[in-house]
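Trainee: With my numbering, the residue at position 8 of the sequence shown is 27, and numbering never jumps.
Virtual Cβ for every residue (Gly too), placed ideally from N, Cα, C.
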Amino acid sequence: MRSRFRLAPLTAALLPLFLAPFTLAESRQAGPLHVEADAISGQMDQQLRATGSVKATRGTQEFDADWLEYYVDKQLLRAGDRAHMQQPDGTVDADGLEAYLATDSGSGSNADFAFGHGKRVLRGHAEKLVMDGKSHYQLQGTRANTCSPGDDSWYLRAGSINLDYVSNVGVARNAWVQFEGVPILYTPWMDFPLDGGRKSGLLFPTVTTGSDGLQVSLPYYWNIAPNYDATITPRYIEQRGLMLGLEGRYLQPDYRGRIYTEQLPNDRKTDSDRYLWQLDHKQTINPQLTFGIDGTVVSDKDYYTDFGNSTAVATSSNLLREAWVNYKPSWGNVNLSASRYQTLDNGTEQYARVPKLTIASNKQFGDFSANLESEVTRFEHRTLQDGWREVAYPSVTWSMDKPWGFLKAKFGVHYTHYDLDAYNGSPATTRDRTLPITTLDSGLLFERPTSFNGRDLTQTLEPRLYFVHIPSVDQSKLPNFDTSENDLSFAQLFSENRFSGYDRINAAQQITTAVTSSLLDNQNGLEHLRVAVGQRFYLNNDDIALSGSATARQQKRSDILSTVGGDLTSALRLDTTYQYNQALAKTERFTAQLRYAPSAGKTLSVRYRSGRNELLDNAGNYGPLRTVDVAAQWPIARNWYAVGRQNYSLQDKKVLQRLAGVEYNQGCWIVRVVGERYLTDINQYKNAIYLQLELKDLSSIGSNPMETLRLAIPGYSNINNIPETE
20 MRSRFRLAPL TAALLPLFLA PFTLAESRQA GPLHVEADAI SGQMDQQLRA
70 TGSVKATRGT QEFDADWLEY YVDKQLLRAG DRAHMQQPDG TVDADGLEAY
120 LATDSGSGSN ADFAFGHGKR VLRGHAEKLV MDGKSHYQLQ GTRANTCSPG
170 DDSWYLRAGS INLDYVSNVG VARNAWVQFE GVPILYTPWM DFPLDGGRKS
220 GLLFPTVTTG SDGLQVSLPY YWNIAPNYDA TITPRYIEQR GLMLGLEGRY
270 LQPDYRGRIY TEQLPNDRKT DSDRYLWQLD HKQTINPQLT FGIDGTVVSD
320 KDYYTDFGNS TAVATSSNLL REAWVNYKPS WGNVNLSASR YQTLDNGTEQ
370 YARVPKLTIA SNKQFGDFSA NLESEVTRFE HRTLQDGWRE VAYPSVTWSM
420 DKPWGFLKAK FGVHYTHYDL DAYNGSPATT RDRTLPITTL DSGLLFERPT
470 SFNGRDLTQT LEPRLYFVHI PSVDQSKLPN FDTSENDLSF AQLFSENRFS
520 GYDRINAAQQ ITTAVTSSLL DNQNGLEHLR VAVGQRFYLN NDDIALSGSA
570 TARQQKRSDI LSTVGGDLTS ALRLDTTYQY NQALAKTERF TAQLRYAPSA
620 GKTLSVRYRS GRNELLDNAG NYGPLRTVDV AAQWPIARNW YAVGRQNYSL
670 QDKKVLQRLA GVEYNQGCWI VRVVGERYLT DINQYKNAIY LQLELKDLSS
720 IGSNPMETLR LAIPGYSNIN NIPETE
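Structure (structure tokens):
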């Protein structure tokens with residue numbers, strides 16, 4: 020008959036022995052030791068021995084063993100031959116186990132362990148395991164990972180690992196990272212967070228190869244405080260030398276910011292010092308008053324081409340440096356700023372605005388609203404004329420919004436004054452321009468029920484009419500500080516001015532007509548079809564032009580704009596835009612994109628784009644453009660995904676960007692291999708290879724292609740978040 024030994028009958032005598040004195044160490048939970056076994060013997064007040072399927076519990080601790088010995092005076096428990104211990108922060112299975120219950124200390128040999136909480140569990144094996152106080156373990160001769168039980172596809176093999184679950188820090192010494200049994204990375208010392216939080220220490224290195232040869236980065240993360248941190252990154256570039264990167268971040272209730280720099284002294288390719296500085300600071304003085312400083316500066320115009328990725332090259336033609344203060348009273352908004360640009364391409368350098376003051380206000384009075392746009396700006400340039408520009412644009416708007424439509428009427432007066440400095444021998448001068456502006460915007464909404472293929476649908480019809488009147492005023496003697504002509508679009512059809520900025524305001528007596536119709540699915544809300552057509556009709560000749568960049572318009576109507584698109588199914592969407600020049604009987608622009616995305620990790624898109632006279636580069640060159648862009652992410656086997664993109668110029672018969680790679684999600688690790696080739700200049704390409712191994716709940720090794728994939732492939736999904744496939 021199985022013996023059940025419960026020390027409760029001797030509670031009065033033994034309870035003081037089971038409660039560790041508070042001055043010695045914190046015990047887990049006071050209380051008696053309950054033991055069940057096939058056989059129990061010993062002296063009740065000294066020691067006991069239990070054998071055969073032993074199970075012992077004390078508070079939150081449980082022990083299972085072939086045999087167990089307990090020494091009452093020392094509160095020492097010994098168990099074997101194979102013993103199992105379970106407690107709130109994990110489990111231990113060892114050949115022999117010794118535990119001092121009063122001090123939460125002890126040891127075990129040939130131990131299998133699993134420590135942690137929730138999904139983040141560190142599992143492994145140690146030749147010797149030492150418990151050194153509550154939730155503190157020393158592991159010797161260890162291999163460990165964060166995978167599911169039985170998965171040793173990767174592990175950390177270390178001479179020793181110390182785990183402190185009070186401070187949530189792990190420290191490994193003399194450690195190798197082994198992947199599929201092959202050592203891939205060695206470190207004499209490393210520390211890591213046990214709860215996924217931030218922790219100072221060396222991060223795994225990044226290794227890439229490309230046009231500049233082998234590149235190796237070894238970042239060090241410094242967790243200065245809960246709201247301050249820094250990352251120091253030495254980066255060796257085979258053909259250029261050693262670059263040092265430094266990022267500092269800070270966060271307070273009233274302000275936050277980031278400082279970043281890259282420094283490469285004596286670049287071996289250019290024989291010059293290369294650098295980048297970035298600053299981003301935002302601060303709140305009170306709910307109405309904020310200010311900030313942000314900007315980027317680089318050593319030369321080729322910096323992003325040499326050291327950036329394809330995204331940086333495409334978006335870094337003008338680098339902004341700006342300081343600003345913003346005030347938001349109840350009646351509107353006030354902003355004071357100063358800004359300069361660093362131009363990296365061969366285009367015209369932009370004006371500095373030092374300073375720029377804008378004041379805006381909007382007050383509602385029933386169906387009426389009073390509005391004010393105003394600005395005072397000082398423009399400065401190294402080679403062009405400097406000057407001040409003051410703008411005031413008060414207006415009054417009346418609006419009516421009904422379920423069946425809307426009507427909005429607006430009248431305003433746009434006043435601009437210039438104080439221009441002396442320039443090229445010409446004396447300082449002033450210029451003024453005053454223009455009354457009247458607009459009328461109206462639209463109707465019609466709906467009717469319909470059906471298609473057995474599905475209940477709602478068809479909408481939305482005609483819209485927009486009128487603008489602005490008289491013609493000679494603006495040829497006005498400077499052009501920051502104005503350009505906007506591309507024609509549906510939004511532009513319903514705007515007052517075809518120019519951006521305040522230096523040019525078109526002469527307008529024009530009417531825009533447009534109609535939009537949609538088919539909406541009553542069951543799931545999908546817009547199966549959306550068709551829109553619009554055109555602007557000119558009742559006068561607009562003789563306002565950008566100096567040297569365009570000629571005055573003479574035609575009586577704009578190009579026709581149309582869009583056709585919709586969700587053909589829940590997974591398949593089509594979008595097209597078409598711009599037709601009636602005067603020349605030619606197509607100006609056409610784009611069409613078909614995207615199929617049935618689920619996460621499955622996306623395929625094809626996009627065609629053509630233009631008769633498009634901006635080809637940042638240097639201001641125009642010409643015909645025809646491109647085909649194909650991008651995809653698709654599963655090719657269980658947990659394997661192929662990724663790719665090809666952007667090809669049919670006009671020039673050359674590849675603009677080519678990207679291809681594979682991703683694999685094993686569950687405990689992810690590997691990504693991606694190659695990229697992209698155009699940085701007319702006939703200059705740059706190559707990049709990304710190889711990343713991501714170890715679950717530990718870190719990643721190699722270069723991260725995620726941002727490149729996200730921007731290159733519409734609808735790209737991080738495979739970490741995709742359920743395993745069959």
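#1: Can you find the residues in the same chain that come closer than 7 Å, C-beta to C-beta, to Q369, ignoring five residues on each side of it along the sequence?
#2: To which residues does DSSP link V625 through a beta bridge?
#3: Please go through the same chain and pick out, in chain order, the residues whose beta-carbon is closer than 8 Å to the beta-carbon of G220, but skip the five residues on each side of it.
#4: Go through its chain and collect everything with a Cβ distance to P35's Cβ below 8 Å, but skip five positions before and after it.
#5: If Q234 and E257 are in contact, beta carbons under 8 Å, what's the gap, nearest whole angstrom?
#6: Do three or more CB pairs link the region 500 to 509 to the region 452 to 468 at distances below 8 Å?
#7: What residue from P617, T610, R408, Y641 has the CA that sits closest to R626's CA?
#8: Cβ of K705 versus every heavy atom of the ligand ATP: is any distance shorter than 7 Å?
#9: Where does I563 fall in DSSP's three states?
#10: Would you mind reading off the limits of the alpha helix (DSSP H) that contains L512?
#11: Would you please state the rounded distance, in angstroms, between the beta carbons of Q670 and V649? I believe it to be under 8 Å.
#12: Helix, strand or coil: which one does DSSP assign to R729?
#13: Quick check: what's the CA-CA separation for A602 versus E399?
#14: What residues in its chain sit with their C-beta under 7 Å from that of P284, if we drop five residues either side in the sequence?
#15: Determine the burial state of E726: buried for a count of at least 16 other Cβ atoms within 10 Å of its Cβ, exposed for fewer.
#16: Can you list, in chain order, the residues of its chain with a C-beta nearer than 7 Å to that of T448? Leave out the 5 residues immediately preceding and following it.
#17: Tell me, which residues are paired with G143 by DSSP?
#18: If you draw a straight line from the alpha carbon of S349 to that of S393, how long is it in whole angstroms?
#19: Considering Cα atoms alone, identify which of V190, N559, G620, A533 is closest to N737.
#20: Using the Cβ count rule (16 or more neighbours within 10 Å means buried), how would you classify D522?
#21: What are the complete beta strand (DSSP E) segments, minimum 3 residues, inside the region 430 to 505?
#22: Please work out which residues of its chain come closer than 6 Å, Cβ to Cβ, to R645, disregarding the five sequence neighbours upstream and downstream, and give them in chain order.
#23: Put T324 into one of helix, strand or coil per three-state DSSP.
#24: Where I312 and N345 are concerned, what is the direct C-alpha to C-alpha distance, given to the nearest angstrom?
#25: Apart from the five residues on each side of it in sequence, which residues of its chain come closer than 6 Å, Cβ to Cβ, to A102?
#26: For G267, collect the residues of the same chain with a Cβ closer than 6 Å to its Cβ; drop the 5 residues on either side in sequence, then sort them by chain order.
#27: Which residues in the same chain as V380 place their Cβ atom closer than 8 Å to its Cβ, once the five residues preceding and following it in sequence are excluded?
#28: Under a three-way DSSP split, which group does N746 fall into?
#29: Cα separation between L613 and S589?
#30: Quick check: what's the CA-CA separation for L148 versus S126?
#31: Shortest alpha-carbon distance to A145 belongs to which of F430, G160, E281?
#32: State yes or no: is the C-beta of E713 within less than 8 Å of the C-beta of I689?
#33: Identify which residue in N472, Q554, S537, T477 has its Cα closest to the Cα of L512.
#34: Nearest-angstrom Cα distance between Y599 and V647?
#35: Taking the continuous beta strand (DSSP E) assigned at K673, which residues delimit it?
#36: Look up I524 in the DSSP assignment and say whether it is helix, strand or coil.
Mentor: Short version:
#1: Beyond the five residues adjoining it in sequence on each side, Q369 comes within less than 7 Å, by CB distance, of N337, Y360, T362 in the same chain, given in chain order.
#2: L613, V649
#3: M209, D210, F211, Y239, Y240
#4: Because the pLDDT at P35 is just 31, under 50, the model does not fix this residue reliably, and the value given afterwards should be weighed accordingly. Cβ neighbours of P35 beyond the five flanking positions: none.
#5: 7 Å
#6: no
#7: T610
#8: By its list of ligands, the structure shown contains no ligand whatsoever, and the ligand ATP lies outside what it can speak to.
#9: Secondary structure of I563 (DSSP, three-state): coil.
#10: 509 to 512
#11: Wrong, their Cβ atoms sit about 17 Å apart, outside the cutoff.
#12: helix
#13: 40 Å
#14: Excluding five sequence positions before and after P284, the CB atoms of its chain that fall closer than 7 Å to its own CB belong to D292, given in chain order.
#15: exposed
#16: L439
#17: F132, A163
#18: Approximately 17 Å between the Cα atoms of the pair.
#19: Ranking the options by Cα distance to N737, first place goes to G620.
#20: Counting Cβ neighbours within 10 Å, D522 comes out buried, since at least 16 surround it.
#21: The qualifying runs are 448 to 463, 465 to 471, 474 to 489.
#22: S629, L669, Q670
#23: In this structure, T324 counts as helix in the three-state DSSP scheme.
#24: 12 Å
#25: A84, A113, L116
#26: A249, I278
#27: A small fix is needed here, since residue 380 is Ser in this sequence, not Val. If we look at S380 and ignore the five residues flanking it on each side, its Cβ neighbours are W350, G351, N352, A389, N390, L391.
#28: Here the chain comprises residues numbered 20 to 745, so residue 746 is not present and cannot be evaluated.
#29: Going by the C-alpha atoms only, they are around 13 Å apart.
#30: Roughly 5 Å between the two C-alpha positions.
#31: G160
#32: yes
#33: Q554
#34: 20 Å
#35: 673 to 684
#36: coil
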